[in-house]
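Residue numbers (this note's numbering): -5 to 399.
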């Protein structure tokens, strides 16, 4: 599937350039616009999951092992970690967000029954993968709960509680702003706490932090290296980003609050990358100096990771239930909660037992990209060419979020 992935990536970045050239100064307004700070918080917390918190400390050593992975020799482990999570890769989300704000209302490609079905398969499957990642990474961060290696009953109970909390919070759109902002502030608080733990007292200094985070600069000097897959592991990450891209675009598009197209791209590339870079630099310093992260730090990371999962699952569950018309208003809160809880738990177990892989879902999304392009060229080329604004009914009214159900 490497060839499919490579073609999908090249198409995506070509489409981004085309969008900027043709619609770069067009104002984008979603159906439930929010202020820019809230939009960025929703984007950041919905567009990332537990992997941001829990993967880096387990990955730095692998990126440094050039004997096993000589393809990483062009850069350092911190820059490679950032390349897998930051900056350029957020362009995937920009493209789909723009599409669902400006183009989909005219084209209605995702209202075609078979496309709607595939789209919801993608969303539901990626929801379950997010819960699966939490389940498999908790033992590493909470060895005090188990033996630090195997998944025990306690971890299953934690993941069940997280899924239940996300399902409940998805019953009302009004929870989105509070959940996103609180997740963002808790993540920033975690960075500050661990920064002080690493760079104050006997552990280090501000100059050590400056020297560490400057290593990320190597990413920008080698940004072209991260476009196409470096190896199978990078391929896994890229498929993962594709799997998320359509649904995050659908979800975040409703909250765009009047920014121009180029501003949305800038916001998506820059603002999430700043805390990601800072967080990774702090963790990399812990890794390089073998600083202890057990106890309070590991619990704090697990708590923030869990909150990220609740946030991500909340937005995705709401998205597919809206698409399938299985809303609280239609089926009732009790049936809504029970049905989504059972579905998420069962699908999480399918990932656990290797019946599903995120690469398959990412490949489906790439297929949707090309089908959408073909559909536009065949049926809606003139319509899309003449687009010069967001739908007229979308107004910059920040009070809409308070009235949403």
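All residues carry an ideal CB built from backbone N, CA and C; glycine is no exception. Here the structure is a predicted model, which is why all the values come from computation and not from measurement.
- Between the beta-carbon of residue 124 and that of residue 35 there is about 18 Å, and that puts the pair past the 8 Å contact cut.
- By alpha-carbon distance to residue 3, the top candidate from 227, 222, 334 and 242 is 222.
- Apart from the 5 residues on each side of it in sequence, residue 390 sits with its Cβ closer than 7 Å to the Cβ of 23, 27, 251 and 252 in its chain, given in chain order.
- With a threshold of 16 other beta carbon atoms within 10 Å, residue 138 falls short and is exposed.
- Assignment of alpha helix (DSSP H) within the region 238 to 314, counting only whole runs of 4 or more residues, yields 255 to 264 and 267 to 282 in chain order.
- Counting only residues of its own chain and dropping the five nearest sequence neighbours on each side, residue 14 has a CB closer than 8 Å to the CB of 255, 256 and 259.
- The beta-carbon separation of residue 267 and residue 81, rounded to 5 Å, stays under the 8 Å limit for a contact.
- Apart from the 5 residues on each side of it in sequence, residue 225 sits with its Cβ closer than 7 Å to the Cβ of 63 and 65 in its chain, given in chain order.
- Taking the Cβ atoms as the reference, residue 61 lies roughly 46 Å from residue 335, outside the contact range of under 8 Å.
- Restricting attention to 87, 374 and 338, the CA atom closest to the CA of residue 162 is found in 338.
- Residue 310 is positioned such that its CB atom lies closer than 8 Å to that of residue 121.
- Between residue 370 and residue 378, the beta carbon gap of about 5 Å places them in contact (Cβ cut-off 8 Å).
- Per the coordinates, the alpha-carbon of residue 295 lies some 45 Å from the alpha-carbon of residue 381.
- CA-CA distance, residue 171 to residue 393, rounds to 12 Å.
- Beta-bridge partners of residue 23 (DSSP): 251.
- The alpha-carbon of residue 301 is positioned some 23 Å away from that of residue 263.
- In terms of Cα proximity to residue 169, the closest of 5, 40 and 196 is 40.
- Looking at 0, 18 and 25, the one whose alpha-carbon comes closest to that of residue 387 is 25.
- The region 72 to 80 makes contact with the region 210 to 219: 3 or more CB pairs, one atom from each, lie closer than 8 Å.
- With a 10 Å radius around the Cβ and a threshold of 16 neighbouring Cβ atoms, residue 95 comes out buried.
- A residue is called buried once 16 or more other Cβ atoms fall within 10 Å of its Cβ, and residue 11, having fewer, is exposed.
- For residue 224, there is no enclosing alpha helix (DSSP H), as DSSP marks it with neither H nor E.
- Classified as exposed, residue 31 has fewer than 16 neighbouring CB atoms from the shown chains inside 10 Å of its CB.
- Counting of Cβ neighbours within 10 angstroms places residue 165 among the buried residues, the total reaching 16 or more.
- In this structure, the straight-line span from the alpha carbon of residue 325 to that of residue 239 is close to 28 Å.
- If one requires a minimum length of 4 residues, the alpha helix (DSSP H) runs lying completely within the region 85 to 129 are 85 to 92 and 98 to 101, in chain order.
- In this structure, the CA atom of residue 104 is about 14 Å from the CA atom of residue 242.
- In this chain, the alpha helix (DSSP H) harbouring residue 323 covers 322 to 325.
- Excluding residues up to 5 positions away in sequence, 43, 44 and 45 lie with their Cβ nearer than 7 Å to the Cβ of residue 127 in the same chain.
- As for any beta strand (DSSP E) of minimum length 3 sitting wholly inside the region 4 to 54, the runs are 21 to 23, ordered along the chain.
- Where residue -5 is concerned, there is no enclosing alpha helix (DSSP H), because DSSP gives it neither an H nor an E.
- Its chain contains 191, 283 and 285 as the residues whose beta carbon lies nearer than 8 Å to that of residue 197, once the 5 sequence neighbours on both sides are disregarded; these appear in chain order.
- According to the DSSP assignment, residue 158 belongs to the alpha helix (DSSP H) that extends over 147 to 163.
- Taking a C-beta distance under 8 Å as the contact criterion, residue 110 and residue 317 qualify as a contact pair.
- CA-to-CA, the gap between residue 144 and residue 344 works out to about 18 Å.
- Around the C-beta of residue 218, fewer than 16 other C-beta atoms lie within 10 Å, and the residue is accordingly described as exposed.
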